[in-house]
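**Student:** Here the sequence shown is numbered in my numbering, starting from 109 and rising by one per residue.
All C-beta atoms, glycine included, are put in the ideal place defined by N, C-alpha and C.
Dumping the structure here so I can ask a few things about it.
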Amino acid sequence: MSKKFVSFFLILFLAACGHTGREHAAMIEAVRNGDFESAQKITTNEDFYMDKPSLLVRYVELGTLHYVKGEYYQALMNFDKAHALSKELYTTSVSKSVAAQIVGDGVSPYAGERYELSLLRFYQSLTHYRLYEQGFYESYTVKTDKKGSDGEILEKIIERKELTESEKKRHFNAARASILDWNSLLTSYLNESGDKKIFKQDMLAKTYGAEIHDIYGSGGDKQIARQLYKDAQKLLNSVYADYEAYSAGQKKKLTEFAVHKGEDLKASPVKKENAKFILKTGIITPKIADKVDFNIPLSAFVAAGSKNDLADCLGMILPGQKISFEIPSMEKPAKVKDYRLVVKNGEGAVLTTKDMILTAPVSETAYKEFQRQRGGLIAKKGTRLTSKYVTAVIAACAIYKRDDIGSWLAAWAAFAASSKLIEESEYADLRYWGLLPHAVYQQSVTLKPGKYTGEIRSNDNVVKTFTFTVPKDRPTLIDVTLLKE
């Protein structure tokens with residue numbers, strides 16, 4: 109066996125190890141079922157994206173898990189790590205990664221999809237706001253560099269911290285700063301690509317961003333909010349014009365909502381809608397592997413150079429030059445549902461009922477991105493695999509002799525071994541932010557200071573009940589999560 113083949117074989121062997129995705133899927137399902145303890149335990153397993161190339165996924169998933177558990181400080185620490193890492197990776201194209209070119213996408217640094225990086229700013233802003241309203245950092249444990257008598261790594265408890273008014277104000281300001289950072293990211297998307305279909309604008313950045321600017325309350329912020337609501341209407345007729353989610357009543361509802369919210373910016377304190385609701389429903393449609401058949405042109409093998417027996421050998425070990433591989437994809441997501449908000453007072457009397465307004469059909473956005481990327485992914489991976497298979501064939505056929513059955517068997521075995529490793533190293537990269545919501549909705553109402561009960565209804569069925577308080581001196585943002593639709 110030639111040294112060239114041995115080197116090629118070793119490279120593939122080292123590459124043929126990666127994430128199975130099973131731990132990730134199990135964690136997501138545990139969260140969907142409300143089993144947060146099991147989900148947290150799964151994240152401690154070595155297969156759960158502890159390798160450096162996959163840390164972005166680990167950070168956003170841990171951040172979201174802590175968020176749904178109400179552990180906002182731990183959520184923010186992970187979201188901030190993800191933000192810092194994403195900025196570092198953003199300048200390095202994954203397609204130019206040496207690891208991706210040699211072994212496959214699954215072992216190259218995961219830099220995040222555009223829509224994921226956009227929603228990271230949403231979660232950062234929302235988490236800062238929750239810390240501002242909550243007023244404390246929860247207690248949590250961290251690992252130390254010490255071990256106990258049994259060899260286990262020791263942990264220490266970080267006690268709960270009550271926030272000062274200045275510290276709460278810092279988080280309030282950071283909630284707004286995240287919106288500005290979000291706008292900068294989307295502006296960079298607009299400036300970078302002329303592809304009309306690529307993700308570069310986010311409806312949620314307009315509608316949620318406007319709410320945060322409105323809550324902040326300065327004259328300049330209200331002017332920004334007014335423009336954002338106008339931008340939302342424009343996006344409905346451009347970027348979101350072909351979205352199925354907005355093909356029926358939701359488009360009209362969002363248009364009316366944006367117009368009304370623009371008018372509400374001028375309302376008096378007594379009439380202003382001071383209770384602002386965010387509803388995150390379901391979990392994003394999962395990323396899956398899609399099998400693709402591909403033909404390597406005969407000219408690729410001829411150009412590589414070999415002895416005269418190449419055609420015979422090639423015909424026996426790779427008939428028709430046909431190969432197959434997997435690329436990441438997503439099934440068409442389920443249609444978004446209609447939800448209604450019902451607000452009751454302390455005695456249980458209904459005060460107001462309003463439709464929740466769809467402002468982020470997250471799964472459909474992700475699906476459209478994968479559909480757009482499909483052709484490019486096939487071309488890129490097909491080119492890379494052509495090089496690998498040509499190398500494997502040439503190396504295997506170097507030991508083939510036309511009249512020697514033993515050499516034929518040796519060539520076939522050599523190619524079969526390298527072919528298997530090629531397949532294992534070129535698995536579809538299924539890393540993704542799996543705890544993102546399926547969709548996000550918004551609404552706002554005018555309420556007097558006090559305690560209230562809210563209900564989220566679907567088809568007249570109550571699917572979520574929650575309580576909230578409206579303070580005397582400021583508006584409030586009520587965030588509701590419905591993991592299982």
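Measuring CA to CA, which of M311, R482 and K374 is closest to V470?
**Tutor:** When only C-alpha atoms are compared, the closest one is M311.
**Student:** Can the beta-carbon of I320 be found less than 8 Å from the beta-carbon of R284?
**Tutor:** Result yes, Cβ atoms of I320 and R284 sit closer than 8 Å.
**Student:** I261 and T249 - do their beta-carbons sit closer together than 8 Å?
**Tutor:** Against a cut-off of 8 Å, the Cβ pair of I261 and T249 comes out as no contact.
**Student:** According to DSSP, is S376 helix, strand or coil?
**Tutor:** Here S376 sits in coil by DSSP.
**Student:** Using three-state DSSP, classify Q309 as helix, strand or coil.
**Tutor:** Three-state result, Q309: coil.
**Student:** Would you give the residue range spanned by the alpha helix (DSSP H) that Q242 belongs to?
**Tutor:** Element bounds for Q242: R222 to Q242.
**Student:** Quick check: what's the CA-CA separation for A487 versus D155?
**Tutor:** Their Cα atoms are separated by approximately 30 Å.
**Student:** Near K177, what residues of its chain come up, given a Cβ to Cβ distance below 7 Å and the 5 sequence neighbours on each side ignored?
**Tutor:** So the qualifying residues of the chain are F144.
**Student:** Is E563 closer than 8 Å to K572 when the C-beta atoms are compared?
**Tutor:** Yes, Cβ-Cβ distance for K572 and E563 is below 8 Å.
**Student:** Have a look at the DSSP bridge pairing and note the partners of R637.
**Tutor:** Residue 637 is absent from the structure shown; the chain starts at 109 and stops at 593.
**Student:** Since I believe Y540 is in contact with V165 (beta carbons under 8 Å), could you give me their beta-carbon distance rounded to a whole number of angstroms?
**Tutor:** Yes, V165 and Y540 are in contact; Cβ-Cβ is about 7 Å, under 8 Å.
**Student:** Measure the alpha-carbon distance for F385 versus L197 and round it to whole angstroms.
**Tutor:** One C-alpha to the other measures close to 34 Å.
**Student:** If distances are taken between C-alpha atoms only, which option among M424, E169, L591 and I323 comes closest to A504?
**Tutor:** The shortest C-alpha separation from A504 is found at M424.
**Student:** In chain order, what residues of the same chain lie with their CB nearer than 7 Å to the CB of V458, ignoring the 5 residues before and after it?
**Tutor:** V450 and K452.
**Student:** For S533 and S526, what's the separation of their Cα atoms in angstroms?
**Tutor:** Computed Cα separation, rounded: 10 Å.
**Student:** In whole angstroms, give me the CA-to-CA distance for K496 and L529.
**Tutor:** C-alpha separation (whole angstroms): 10 Å.
**Student:** Once you ignore the five residues that flank E289 on each side, which residues in its own chain have a CB closer than 7 Å to its CB?
**Tutor:** The sequence given here places Asp at residue 289; Glu does not occur at that position. Cβ within range, chain order: R229.
**Student:** Any chance you could list the beta strand (DSSP E) runs of at least 3 consecutive residues sitting entirely within the stretch 466-490, in chain order?
**Tutor:** The stretch 466-490 contains no whole beta strand (DSSP E) run of 3 or more residues.
**Student:** Could you compute how far the alpha carbon of G142 sits from the alpha carbon of L173?
**Tutor:** Distance between the alpha carbons of G142 and L173: 11 Å.
**Student:** Measuring alpha carbon to alpha carbon, tell me which of N345, Y324 and G317 ends up nearest Y337.
**Tutor:** Closest by alpha carbon: G317.
**Student:** Would you mind sorting N403 into buried or exposed? The rule is 16 or more other CB atoms within 10 Å of its CB.
**Tutor:** It counts as exposed.
**Student:** Are G106 and L271 close, meaning C-beta to C-beta below 8 Å?
**Tutor:** As shown, the chain starts at 109 and ends at 593. That puts residue 106 outside it, with no answer to give.
**Student:** Nearest to T473 by alpha carbon, out of S355, K160 and Y351?
**Tutor:** Per the Cα distances, Y351.
**Student:** Given a threshold of 16 other Cβ atoms within 10 Å of its Cβ, counted over all protein chains shown, does K160 qualify as buried or as exposed?
**Tutor:** Burial call: exposed.
**Student:** Quick one: is A318 near chain C, going by C-beta distance under 8 Å?
**Tutor:** The displayed structure is made up of one protein chain only, and chain C is not part of it.
**Student:** Check whether the stretch 426-441 touches the stretch 380-399, counting contact only when three or more Cβ pairs, one atom from each stretch, lie closer than 8 Å.
**Tutor:** At 8 Å Cβ cutoff, the stretches touch.
**Student:** Between which two residues does the beta strand (DSSP E) holding Q550 run?
**Tutor:** It spans A547 to V553 - the beta strand (DSSP E) in which Q550 sits, taken as one unbroken run.
**Student:** Assuming R268 and E246 make a contact with CB atoms under 8 Å, what is their CB distance in whole Å?
**Tutor:** Confirmed, about 6 Å.
**Student:** Taking a contact to mean a Cβ-Cβ separation below 8 Å, would you say M464 touches L590 in this structure?
**Tutor:** It is not a contact, given that the beta carbons lie outside the stated cut-off.
**Student:** In whole angstroms, what separates the C-alpha of V588 from that of G390?
**Tutor:** One C-alpha to the other measures close to 11 Å.
**Student:** Near K330, what residues of its chain come up, given a Cβ to Cβ distance below 8 Å and the 5 sequence neighbours on each side ignored?
**Tutor:** So the list reads H321, D322 and L373, once near-sequence residues are dropped.
**Student:** DSSP puts G263 in a beta bridge; with which residues?
**Tutor:** Correcting the residue identity first, residue 263 is Glu in this sequence and not Gly. Beta-bridge pairing links E263 to K251.
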